[in-house]
Amino acid sequence: MAAVVAVAVALVVVGRYYDEQSRKENSRRNCPRCAGVSLALLRLAVERRRYNQAVQAYNQKVQSFPNSLVANMFGFEKREFFR
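Heads up: the sequence shown begins at 1 in the UniProt record's numbering, then just goes up one per residue.
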């Protein structure tokens, strides 16, 4: 009889642990705040890439021959990339 009770208690404990773990996993997967954060990070990565592309084009223009003369006269300088 004690063995049956021990098995029943073990099953209840395992069942509760499984329910808790699955609830945590579902809340992570369905968390709108988490989705918003990942979308914001993706948006930041896209905008960082666009900015760095614009800086690269700007730096090439400022450093190329005819443009460099005008750029130096008016104080245009090479810009740093966003990291």
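C-beta atoms are modelled at their ideal positions from N, C-alpha and C, and glycine is treated no differently. Keep in mind that this is a model prediction, so the values were computed, not measured.
Grab me the residues of residue i's own chain with a C-beta within less than 7 Å of its C-beta, minus the 5 sequence neighbours each way, in chain order.
i, result
"ASN52", "PHE81 and PHE82"
Once the 5 residues before and after residue i are set aside, which same chain residues still bring their CB inside 6 Å of it?
i, result
"GLU55", "A quick correction: the sequence has Val, not Glu, at residue 55. Excluding sequence neighbours, VAL55 sits near ARG79 and PHE81."
For residue i, which residues of its own chain have a beta-carbon under 8 Å away from its beta-carbon, when the five flanking residues on both sides are left out?
i, result
"TYR58", "ARG79"
Contained beta strand (DSSP E) runs [length at least 3] in the stretch 40 to 77, N- to C-terminal order: Taking only runs of at least 3 residues, no beta strand (DSSP E) segment lies wholly in the stretch 40 to 77.
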